[in-house]
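Quick note: the sequence shown uses my numbering, first residue 766, plus one each step.
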Amino acid sequence: MKVYNTLTRRKEDFVSLRPGAVGFYICGPTVYNDIHIGNARTFLSFDVIRRYLEYRGYEVTYVQNITDVDDKIINRANEEGRDSSEVAEQYTEAFIAVMDALGVKEPSVRPRATAEIASMIELIEGLIQSGNAYEVEGDVYFSVRSFPSYGALSGRNVDDLKSGARVDVDERKRDPLDFALWKAAKPGEPSWPSPWGLGRPGWHIECSAMSKRYLGTAFDIHAGGDDLVFPHHENELAQSACSSKDGFASYWLHGGMLTIDKEKMSKSEGNFLLLKDVLEHVRPEALRLLMLQTHYRSPFDYSPERLEEATASLERIESALRNSNWALAQHAGAGEHAKATASLAPSSSVADARKRFEAYMDDDFNTAGAVAVVFELVSEANRLLAEYSQKSETFSESFADLEVIAQTVVELLMVLGVKLEIGADCTELVATDALPALLSLAAELAHYSGSKAAEALDALLSAREEARVNKDWTRADAVRDGLAKLGLKIEDTPHGSRIIHA
Ligand code: AMP
Ligand code: ZN
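Written out as structure tokens, the structure reads:
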């Protein structure tokens, strides 16, 4: 497996520190408001990478922090006249709920910064002792010049950084590039006791402390959006590397930004869509399928049209599988055919699909290629199904392919976290709000008095069959028209009739 490492700027073979296990740290949200779909893209990309590592047999310890102490949270709390812990709690809960709705797996550990202050203080004390940090009037700063490789991750040179830096008014810093590890308490801000008096941590130190606590000083993967490379990850790396000689993250993975009209989606620009709002109208699987069609490191330009297309693709996949399952069930029912084809092997292009999928994913998690393999399988299923409805006798050999396709598509999409809704019966053909209309149609035309969608559809099919046999065209047409109003139609095939989406 090859992964692109921001630190070395190339794809490298992935070798975990402990065989069969991966320590994975991903920077979590600052909980001062609801996340937008840009944030969601980053969390979704790494959810898929985690899932794939697990599929490959690694036991992944996935740590995602919650930044619940920060200027933005404090500002918001002050604006609303609330306590900052209350604001943080509200948006932590909202974040967890929306990640769950998106199908992002729970992290193994989800530490909150405010519960980890002791480990941060310990780390800062060590950095002061080793001469990498200094205290000034209750603040503690990291001395950037004390770490010769500062800038290596983001490819920046300290002298360039310095000349580019704004004139720093804070004269207490020895160097304008130095950054805060600890900030002395200001009135109205949350604070904790420390060897330097009351105060709160700077942003970067929390990730160094939490990754060390939950994954050890050296671990495998550190991830986040590429806007975090500088200064956040550069500073984390400096702090951690100066705290321990054991190394830090082996691989730095960064996700590309979600843009809208080619501009980065961000709260400050105001060009954002909240994930929770988008999920009110769109299935989470469609958003996932859409995002996975772009490589995680590339920028991804969002548009509602693209999301609509992805929804249509998702429905096409589901309908192909539903139709395949239906054809396979018919085939199983025709015992003779089934016996004759039981020993047939699937064709090689179908049997190799999984290998091609894995080859893409092994190449720095190329989900776009992996999804394309799934789409190819779906096209093949549709081609076979079209053949199936044309000729019933000579089709037998293709059942082996159809069967493998139906299983493989579901499994491979599951690896990517896309859970399909195929349904064992045809209940899913009918939207919940259309159920009463379906039941009254079945009551009127098929004397059905139950409450189950699948039974009602069956009853309507039988009623239409009966009407046709009796040449009662008015009734047969009434069934057809009634179903059309529900977005459904009857398809007649050489193997019998069934109801599908119109
Ligand atoms: P924040 O809460 O701002 O620290 O952001 C949480 C995560 O979302 C970080 O990993 C960011 O890199 C990521 N992020 C922020 N904006 C975007 C965007 N437009 N596209 C993709 N990821 C983003
Ligand atoms: Zn972080």
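For each residue, glycine too, the CB sits at the ideal point set by N, CA and C.
F907 versus H997: straight-line alpha-carbon distance, rounded: 13 Å
Alpha carbon of I831 to alpha carbon of L1072, nearest angstrom: 29 Å
Option in V1234, N1088, E1034, D985 with minimal Cα separation from D1011: D985
Residues whose Cβ lies closer than 5 Å to any heavy atom of the ligand ZN, in chain order: C792, C972
Cβ-Cβ distance between K870 and R816 below 8 Å: yes
Alpha carbon of T1050 to alpha carbon of G1182, nearest angstrom: In the sequence as displayed, the identity of residue 1050 is Glu instead of Thr. If you take the alpha carbons of E1050 and G1182, they lie about 8 Å apart.
Cβ-based burial, D1190 [other Cβ within 10 Å; buried from 16]: At D1190, the pLDDT of 48 sits below 50, so the modelled position is not reliable; the number obtained from the coordinates is stated separately. Exposed, since its Cβ has fewer than 16 Cβ neighbours within 10 Å.
Proximity winner among A988, Q1155, N798, relative to A1092 (alpha-carbon distances): Q1155
Option in G989, C792, K837, A1110 with minimal Cα separation from I1170: A1110
Residues sharing a beta bridge with H801, DSSP: L1039
Rounded separation between E1168 and A1267 - CA only: 25 Å
Coarse secondary structure for W968, derived from DSSP in three states: helix
Residue closest to V923, alpha-carbon to alpha-carbon, out of V909, I791, D935: V909
Close Cβ partners of P722 (< 8 Å) along its chain, the five nearest in sequence each way excluded: There is simply no residue 722 to check, as the chain begins at 766 and stops at 1267 in what is shown.
Sequence-distant residues of its chain with Cβ nearer than 8 Å to A949 (five each side left out): E902, G903, D904, W961, G962, L963, G964
Own chain, CB closer than 7 Å to K1184, minus 5 neighbours either side, in chain order: G868, E1050
DSSP state of D836 mapped onto helix, strand, coil: helix
Near the ligand HEM: L993 beta-carbon under 7 Å from a heavy atom: Looking for the ligand HEM in the displayed structure turns up nothing; the ligands present are the ligand AMP and the ligand ZN.
Beta carbon of L1210 nearer than 8 Å to that of L1225: yes
Residues bridged to K927 [DSSP beta-bridge criterion]: K927 is not bridged to any residue.
Delimiting residues of the beta strand (DSSP E) encompassing I1187: No beta strand (DSSP E) holds I1187; DSSP gives it neither H nor E.
CA-to-CA distance, E881 to M975, given in whole angstroms: 7 Å
Cutoff 6 Å; reference S1009; Cβ partners in own chain excluding five residues on either side: T982
Cα-Cα separation between L1086 and F1122, rounded to whole angstroms: 19 Å
Exposure of A718, with buried meaning 16 or more beta-carbon neighbours within 10 Å: Shown here, the chain extends from 766 to 1267; a query on residue 718 therefore has no answer.
Near the ligand AMP: T807 beta-carbon under 7 Å from a heavy atom: yes
Three-state secondary structure (DSSP) of F1327: Any question about residue 1327 goes unanswered here, given that the chain covers just 766 to 1267.
Contact test: S1031 Cβ vs the ligand AMP heavy atom, cutoff 7 Å: yes
beta-carbon L867 near the ligand AMP non-hydrogen atom, thresh 7 Å: no
Local conformation of G916 per DSSP, three classes: coil
Span of the beta strand (DSSP E) around K776: 775 to 778
Contact set for L1251: own chain, Cβ-Cβ below 7 Å, skip 5 residues either direction: V1195, A1199, A1202, L1203
Nearest-angstrom Cα separation, counted from Y797 out to N1090: 47 Å
Closer than 7 Å: G1035 CB and nearest the ligand AMP heavy atom: no
Alpha carbon of E954 to alpha carbon of T879, nearest angstrom: 13 Å
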